[in-house]
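S.K.:
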Amino acid sequence: MKKILLITALFGAVQAISAEEVSVFGAGDLTSSNAYGLTENEQVLLENRKKVNTLQREIEVQKQDIIGLRSVVEGLNSQISKLEARIADLEIKTTGRVNKQANNTANTQKKNEKLAVINNKKTTKLTNTSKKTEKVTKNKPEKIIAFDDMKKEDIFISAQELFDNKKYTEAKIRYDYLNSKDYKKAEVNFMLGEILYNQKLYSGAIEKYRNSIQIKDNAEYMPTLLYHSGLSLEKIGDTTSANKFFTVLKSQYPNSEQAKSLK
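All the letters of the sequence shown, read from the start, carry residue numbers -18 to -1, 1 to 245 under mature numbering (1 follows the signal peptide of the UniProt record, and there is no 0).
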C-alpha cells in the first residue's frame, strides 16, 4: 500500500513539473502570438479567435467609414436645402406667364405702353390715347407735356403726387418718360405696375412688377409688389403662380401688413 501511495505521489510530482514547464515556455498558451503545443481543439479555438479579431478590426474600419459618410450626407443635405430655396426664389423672379384668356383691354394697354417718345431739341412730347373697356371711365384727351426742361427728380415727385391723388393717366405719362430715361427704373416700373393694377389691367401690371423685381429684389416696397403680383395672377386665373408669390411674401416679410392680411 505504501508503495502505491509513493508511486502516485511521484507521478503527481512529475505531472506538476511537466505542467510548470509548459506554462513557463508558452506551450498551450492561446494568447501567445506564436502559440505551440496546442491540442486540436485549441488550434480550432485559436483560429476562431483570429477570425473574430479580424472581423472586429473590419467592423471598426466600417464604423469609421460610416461616420465619414454621415458627415458627407449631412453636408449634401445642407447644400440641397440651399439649392431648393434658391430655385424657389428664381421661380418667383422669372414667373411671367400670362393667361391666354387675358382680355383685349390688357393687349390694348401694352400697345399704349410702347408709344414712342418724340424728342425735340428742348422738349419731348408724350401722347397717351388709352382706351379702357373694363368699366373704366374714359379719360379726357391728353395734353402734350414737355419734360426736358425739368429735373427728373421733380418729375418723379410730380408723378407720385398725381398717383396719390388717383390721377393715374397723368402720373403714367411722367413715369413712362422717366422709364425711357432709365431713371430709378426699379421703382418707376413698380409704380407703373401699381397704376395698371388700380386700373384693373392685371396682365400689364404683372409685366411691370416682373421688370421691377428683376432690377431690384430687396426694395422697401417689395411686400406690396409681391402682394399685388399675387392678386393680379389670381385675377387672370393663374392661382398656382399667385400662391408662390404669397408664400414668398409670408416667409420673407412675415411682419408686413400685406403678409398678415393673408393669414
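Every residue gets a Cβ at the ideal spot worked out from N, C-alpha and C, and that includes glycine.
1) Looking at the structure shown, is residue 235 part of a helix, part of a strand, or coil, going by DSSP?
2) Could you give the DSSP three-state label for residue 27: helix, strand or coil?
3) Is residue 230 buried or exposed, if buried means 16 or more other CB atoms sit within 10 Å of its CB?
4) I'd like to check one pair, residue 213 with residue 223: are the Cβ atoms closer than 8 Å?
5) Look at the alpha carbon of residue 22 and the alpha carbon of residue 29, and state the distance between them as a whole number of angstroms.
6) By Cβ distance, which residues of its chain are closer than 8 Å to residue 33, with the 5 residues on each side in sequence left out?
7) Is it buried or exposed, residue 4, if we count other Cβ atoms within 10 angstroms and call 16 or more buried?
8) Note the first and the last residue of the continuous alpha helix (DSSP H) segment covering residue 196.
9) Would you call the region 165 to 180 and the region 201 to 210 in contact, with 3 or more CB pairs under 8 Å?
10) Name the residue from 162, 146, 141 whose alpha carbon lies nearest to the alpha carbon of residue 154.
11) Report the option in 209, 197, 183 whose CA atom is closest to the CA atom of residue 242.
12) Can you give the Cα-Cα distance for residue 178 and residue 60, rounded to whole angstroms?
13) How big is the Cα-Cα spacing for residue 187 and residue 244?
14) How would you label residue 237, buried or exposed, when you count the other beta carbons within 10 angstroms and need 16 or more for buried?
15) The alpha helix (DSSP H) with residue 219 in it runs from where to where?
16) Taking the alpha carbon of residue 207 as the point to measure from, which residue in 227, 40, 158 has its own alpha carbon closest?
17) Checking contacts by CB at 8 Å: is residue 239 closer than that to chain E?
18) Considering only C-alpha positions, which residue in the set 151, 225, 196 is nearest to residue 280?
19) What distance in whole Å lies between the Cβ atoms of residue 161 and residue 144, which are believed to be in contact at a cut-off of 8 Å?
20) Would residue 192 be called buried (16 or more neighbouring beta carbons within 10 Å of its own) or exposed?
21) Am I right that residue 159 and residue 137 are in contact with their C-beta atoms under 8 Å? What's the rounded C-beta distance?
22) Does DSSP put residue 130 in a helix, a strand or coil?
23) Return the CA-CA distance between residue 37 and residue 31, expressed in angstroms with no decimal places.
24) Quick one: is residue 131 buried, meaning 16 or more other Cβ sit within 10 Å of its Cβ, or exposed?
25) Under the rule that 16 or more other beta-carbon atoms within 10 Å means buried, what is residue 240, buried or exposed?
M.R.: If we stick to the structure as given:
1) Here residue 235 refers to the residue found at position 253 when the sequence shown is read from its first residue. In the structure shown, residue 235 sits in coil (DSSP, three-state: anything other than H, G, I, E or B).
2) Within the sequence shown, residue 27 is the residue found at index 45, counting from 1. It is helical.
3) Working through the sequence shown from its first residue, we reach residue 230 at position 248. When all chains shown are included, residue 230 counts as buried.
4) Start at 1 with the first residue of the sequence shown, and residue 223 comes out as number 241. Start at 1 with the first residue of the sequence shown, and residue 213 comes out as number 231. Cβ distance not < 8 Å, so residue 223 and residue 213 don't count as in contact.
5) Counted from its first residue, the sequence shown places residue 22 at position 40. Counted from its first residue, the sequence shown places residue 29 at position 47. In a straight line, the C-alpha of residue 22 is about 11 Å away from that of residue 29.
6) Taking the sequence shown and counting its residues from 1, the one referred to as residue 33 is at position 51. Excluding sequence neighbours, residue 33 sits near nothing in its chain.
7) Taking the first residue of the sequence shown as 1, we reach residue 4 at position 22. Since pLDDT at residue 4 reaches only 42, below the 50 mark, its modelled position is unreliable, and the value read off the structure follows with that caveat. That one is exposed.
8) Your numbering for residue 196 matches position 214 in the sequence shown. Where residue 196 is concerned, the enclosing alpha helix (DSSP H) stretches over 184 to 197.
9) yes
10) Reading the sequence shown from its first residue, position 172 is the one you call residue 154. With distances taken between Cα atoms, residue 154 lies closest to 141.
11) The residue you call residue 242 lines up with position 260 of the sequence shown. Answer by Cα proximity: 209.
12) Mapped onto the sequence shown, residue 178 falls at position 196. Mapped onto the sequence shown, residue 60 falls at position 78. Rounded to whole angstroms, residue 178 to residue 60 spans 41 Å at the Cα level.
13) In the sequence shown, the residue the question calls residue 187 occupies position 205. In the sequence shown, the residue the question calls residue 244 occupies position 262. Rounded to the nearest angstrom, the two C-alpha atoms are 20 Å apart.
14) Counting from one through the sequence shown, the residue named residue 237 turns up at place 255. Residue 237 comes out exposed.
15) Residue numbering aside, residue 219 sits at position 237 when the sequence shown is read from its first letter. Segment: none, residue 219 is in no alpha helix (DSSP H) and carries neither H nor E.
16) Position 225 of the sequence shown, counted from the start, is the residue given in the question as residue 207. Checked all of 227, 40, 158; the closest Cα to residue 207 is 227.
17) Here chain E cannot be found, since the structure has a single protein chain.
18) The chain is shown only over -18 to 245; residue 280 falls outside these bounds and no answer can be derived.
19) What you label residue 144 is simply residue 162 of the sequence shown in a count that begins at 1. What you label residue 161 is simply residue 179 of the sequence shown in a count that begins at 1. Going by Cβ atoms, the distance from residue 144 to residue 161 rounds to 15 Å, so no, they are not a contact pair.
20) One-based indexing of the sequence shown puts residue 192 at position 210. So residue 192 counts as buried.
21) Locating residue 159 in the sequence shown gives position 177, where the first residue counts as 1. Locating residue 137 in the sequence shown gives position 155, where the first residue counts as 1. About 7 Å; that satisfies the 8 Å criterion.
22) Translated into the one-based positions of the sequence shown, residue 130 becomes position 148. Residue 130 falls in the coil class under three-state DSSP.
23) Translated into positions along the sequence shown, residue 37 becomes position 55. Translated into positions along the sequence shown, residue 31 becomes position 49. Approximately 10 Å, taken between the alpha carbons.
24) Along the sequence shown, read from residue 1 onward, the residue named residue 131 stands at position 149. Residue 131 should be labelled exposed.
25) In the sequence shown, residue 240 corresponds to position 258, counting from 1. Residue 240 comes out buried.
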